[in-house]
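Under the numbering used here, residues 2 to 601 are what the sequence shown spells out, in order.
Here's the structure we're looking at; comments come further down.
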Amino acid sequence: MDSLLLSRRDLDFLLHDWLDVTALTARERYAEHDRDTIDAVLDLSAEIAARHFAPHNKKNDTQEPTFDGERVHVIPEVGRALRVFADSGLAGAAMDHAVGGQQLPQVVAHACMAWFQAANVGTAAYPFLTVANANLLLAHGSQEQVDTYVRPMVAGRFFGTMCLSEPQAGSSLADVTTRAVPQPDGTYRVTGTKMWISGGDHDLSENIVHLVLARIPGGPAGVKGLSLFVVPKYLVAPDGSLGERNDVVLAGLNHKMGYRGTTNTMLNFGEGRHTPGGAPGAVGFLVGQPHHGLAYMFHMMNEARIGVGLGAAALGYTGYLHALDYARTRPQGRPPTGKDATAPQVPIIEHADVRRMLLAQKSYVEGGLALSLYCSRLLDEERTAEGEAERARARLLLDVLTPIAKSWPSQWCLAANDLAIQVHGGYGYTREYDVEQFYRDNRLNPIHEGTHGIQALDLLGRKVVMGGGAGLRLLLETIDATVRRATALDGEVGALAAELAAAAARVGRTTAALWAGGDPDTALANASVYLEAVGHVVLAWIWLEQLLALPDGQDGDAFHQGKRQAARYFFRVELPRTGPQFDLLDALDRTAADTRPDWF
């Protein structure tokens with residue numbers, strides 16, 4: 002085992018043997034890259050993650066950021082690690098040369114980021130959010146905004162945030178009340194409070210670029226009236242130097258059970274602590290057109306959702322590797338048939354139930370990582386495929402897969418972390434062993450960027466019915482293409498393909514049954530069950546895809562045999578879970594919907 006963070010062998014298999022990322026270098030955008038440069042940046046990411054991020058992960062957790070009423074204090078190792086990250090050029094790995102980026106494929110950039118999320122998700126959150134912020138401005142900001150904010154973010158001088166939620170609104174963005182009043186000079190004065198803002202205040206960078214959802218007076222009610230603003234912590238002069246302190250003030254830090262190394266904040270905009278230009282209110286700059294803010298913000302949110310799923314897979318993966326290492330080295334007990342009490346104890350990996358737990362983890366984390374990278378590959382297709390039809394196909398497939406790519410790893414790679422603790426036994430529940438922190442860190446991801454329930458409503462309420470069901474049809478057609486390839490091989494792979502075909506057919510029938518009555522209350526009452534069932538079918542498809550990328554026949558080294566065994570496990574143990582779930586959905590069960598609040 003060469004690393005306890007991720008398996009480089011698995012990444013090479015996924016990127017090169019399965020997704021064939023080197024083929025992307027035939028496209029103009031990626032033409033300066035080849036297999037060697039891709040492998041080199043992966044090597045660099047692994048090295049920086051291991052040397053500069055992983056060593057302070059536990060310290061980052063036990064000595065979380067503090068606020069003395071004036072400034073936030075973060076352990077110095079965080080800033081040093083982020084400087085190394087910025088100097089490596091990884092912040093702009095997938096961005097244009099024009100803004101200082103490397104124009105690597107997005108799938109490669111995400112594979113690189115997985116190393117940092119596995120090593121120290123608290124520190125990695127700062128560049129994670131900054132990259133998403135910069136990408137939004139590249140897509141929807143003005144050239145002036147790109148020059149003023151994106152270039153310093155790519156260089157690591159500025160960091161970025163996304164400011165959506167408010168204390169009274171939570172995930173209900175229609176209830177956002179932050180206001181942005183237009184000024185004669187074309188700027189806006191922003192007032193309001195934002196809650197749960199990761200990276201909202203710190204001294205790790207020269208400036209913090211907040212992207213803030215707010216309402217321009219007189220605009221439409223609900224989400225249609227939201228606009229998006231750049232509100233920097235410090236105003237930036239035309240020459241790029243920092244100017245006045247903007248009226249963005251930290252009201253306090255939130256203290257979470259995990260992700261403790263990332264400052265999580267309540268921010269007050271325009272409370273009057275600072276008066277830039279001698280006037281009240283935080284100075285904001287409109288991004289794009291008024292009242293299109295939520296559409297713009299979804300550019301960042303959807304990227305973040307794929308990234309959250311990737312981070313969940315990375316945390317599950319490192320937990321699995323720690324559990325595997327422990328199981329190989331911890332002697333305890335003897336085989337069931339071993340009657341000699343004086344015989345040496347065996348490593349716990351010799352016990353079948355421990356191997357069961359390891360196999361479950363392997364199937365979850367390798368499957369979750371594969372799904373995340375597949376969706377990242379779709380981003381490259383959406384942006385660089387030769388024809389518009391190919392780009393539109395990738396966009397549609399990515400739309401329907403995004404809620405699954407966010408929520409499935411967040412649920413099941415967290416389950417892998419739970420099993421990693423169990424493999425460690427009593428030691429796993431102590432702070433001396435890393436697996437308890439991995440679980441706490443990963444527990445945030447089912448909530449991050451839209452909860453499990455919100456993703457379920459998005460999948461069943463929007464993504465599988467949009468365009469007359471075009472997204473669902475495309476997903477099922479894509480699964481069917483894999484099934485047909487596998488069926489042609491006969492043998493075990495062909496048998497697994499038949500099981501997947503049957504499960505995919507149930508997805509189609511159940512979706513139709515749920516919406517046949519045209520009653521959203523009934524259809525969406527069990528949306529989370531739908532998300533979990535469809536997610537498992539998608540992961541069975543991802544595992545069949547991996548099987549098809551393995552060498553022909555049953556020969557091969559331990560890595561290939563392990564892949565086959567994990568796929569068998571998923572088909573034999575996990576995919577059958579979906580049968581009762583589809584039965585419940587087909588019955589249009591209203592038990593939860595018909596339960597009155599006063600019955601609790």
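Ideal Cβ placement from N, Cα and C applies to all residues, glycine included.
Given the structure is predicted, the values throughout are model-derived calculations rather than measurements.
Taking 8 angstroms as the cut-off, is the beta-carbon of residue i closer than that to any non-hydrogen atom of the ligand MN?
| i | result |
| --- | --- |
| Val79 | Among the components of this structure there are no ligands whatsoever, and the ligand MN is therefore not found. |
Quick check on this structure: which residue in the options has the alpha carbon closest to the alpha carbon of residue i?
| i | options | result |
| --- | --- | --- |
| Leu165 | Val224, Tyr434, Val109 and Glu145 | Val224 |
| Leu515 | Val466, Val538, Ala505 and Ser377 | Val466 |
| Thr511 | Phe439, Arg486, Leu475 and Leu586 | Leu586 |
| Leu243 | Pro185, Asp553 and Phe159 | Phe159 |
| Ile513 | Leu589, Ala296 and Asp88 | Going by the sequence as given, residue 513 is Ala instead of Ile. If we check each option's Cα against that of Ala513, Leu589 comes out closest. |
| Gln118 | Lys234, Val249, Leu5 and Ala386 | Leu5 |
| Gly499 | Gly509, Val508 and Ala487 | It is worth fixing the name first, because residue 499 is Ala in this sequence and not Gly. Of the listed residues, the one whose Cα sits closest to Ala499 is Ala487. |
| Pro233 | Phe299, Asp442, Val436 and Asn269 | Asn269 |
| Leu473 | Leu7, Glu245, Asp248 and Gly509 | Gly509 |
| Leu12 | Arg28, Asp35 and Leu43 | Leu43 |
| Leu420 | Gly518, Val355 and His275 | Val355 |
| Ala313 | Ala125, Gln103 and Phe86 | Ala125 |
| Ala541 | Glu575, Asp520, Gln64 and Asp558 | Glu575 |
| Ile543 | Gly369, Tyr150, Asp21 and Val147 | Gly369 |
Can you round the beta-carbon distance between residue i and residue j to whole angstroms, since I take them to be within the 8 angstroms contact cut?
| i | j | result |
| --- | --- | --- |
| Gly101 | Val155 | 4 angstroms |
| Ser529 | Gly454 | 6 angstroms |
| Met114 | Met301 | Actually they do not touch by this definition, with Cβ atoms about 15 angstroms apart. |
| Gly123 | Gly308 | So it is not a contact: roughly 15 angstroms between Cβ atoms. |
| Ile49 | Asn61 | Between Asn61 and Ile49 the Cβ distance is about 16 angstroms, and since that is not below 8 angstroms, they are no contact. |
| Gln212 | Gly161 | Inspection of the sequence shows that residue 212 is occupied by Leu rather than by Gln. Leu212 to Gly161, Cβ: 7 angstroms. Contact. |
Measure the C-alpha to C-alpha separation of residue i and residue j and round it to an integer number of angstroms.
| i | j | result |
| --- | --- | --- |
| Gln412 | Arg578 | 15 angstroms |
| Arg72 | Gly93 | 29 angstroms |
| Ile448 | Arg569 | 30 angstroms |
| Ala390 | Leu402 | 18 angstroms |
| Leu311 | Ala112 | 9 angstroms |
| Ser46 | Thr319 | 15 angstroms |
| Glu33 | Gln107 | 15 angstroms |
| Trp19 | Ile39 | 15 angstroms |
| Thr188 | Leu372 | 42 angstroms |
| Gly317 | Asn446 | 11 angstroms |
| Thr452 | Phe583 | 22 angstroms |
| Ile350 | Gly427 | 16 angstroms |
| Pro168 | Met196 | 6 angstroms |
| Phe439 | Arg392 | 37 angstroms |
| Gly492 | His203 | 58 angstroms |
| Val484 | Leu374 | 20 angstroms |
| His1 | Thr523 | No answer is possible for residue 1: the residues shown for the chain start at 2 and end at 601. |
| Gly468 | Leu229 | 27 angstroms |
| Pro281 | Arg246 | 12 angstroms |
| Ala594 | Leu525 | 9 angstroms |
| Gly462 | Ala534 | 15 angstroms |
| Glu207 | Gly273 | 22 angstroms |
| Tyr430 | Arg441 | 11 angstroms |
| Tyr31 | Ala41 | 15 angstroms |
| Arg329 | Gly241 | 55 angstroms |
| Gly278 | Tyr235 | 12 angstroms |
| Met258 | Thr264 | 13 angstroms |
| Gln103 | Asp88 | 13 angstroms |
| Arg198 | Ala51 | Looking at the sequence itself, residue 198 is Ile, so the reference to Arg does not match. Each residue's alpha carbon lies about 27 angstroms from the other. |
| Asn418 | Ala406 | 18 angstroms |
Helix, strand or coil for residue i, going by three-state DSSP, please let me know.
| i | result |
| --- | --- |
| Met96 | coil |
| Met358 | helix |
| Phe601 | coil |
| Pro577 | helix |
| Ile348 | According to the sequence provided, residue 348 is Pro. The question's Ile does not apply to it. In this structure, Pro348 counts as strand in the three-state DSSP scheme. |
| Leu192 | Residue 192 is actually Thr in this sequence, not Leu. It is a strand residue. |
| Ile1 | No answer is possible for residue 1: it lies beyond the span of the chain, which begins at 2 and ends at 601. |
| Ile76 | coil |
| Gly253 | strand |
| Gly161 | strand |
| Gly90 | coil |
| Thr124 | helix |
| Ala41 | helix |
| Tyr235 | strand |
| Arg444 | coil |
| Val182 | strand |
Please confirm if the region 114-130 is in contact with the region 185-193, defined as three or more CB-CB distances below 8 angstroms between the two stretches. no
With three or more beta-carbon pairs closer than 8 angstroms as the criterion, would you say the region 350-363 touches the region 394-401? no
Across the region 564-573 and the region 544-553, are there enough close Cβ pairs to call them in contact, namely three or more that are closer than 8 angstroms? yes
Under 8 angstroms, with one C-beta from each stretch per pair, do the region 142-149 and the region 172-190 reach the 3-pair mark? no
Three-pair Cβ contact test at 8 angstroms for the region 471-487 versus the region 319-335: no
Does the structure place the region 377-387 close enough to the region 285-297 that three or more beta carbon pairs sit under 8 angstroms? no
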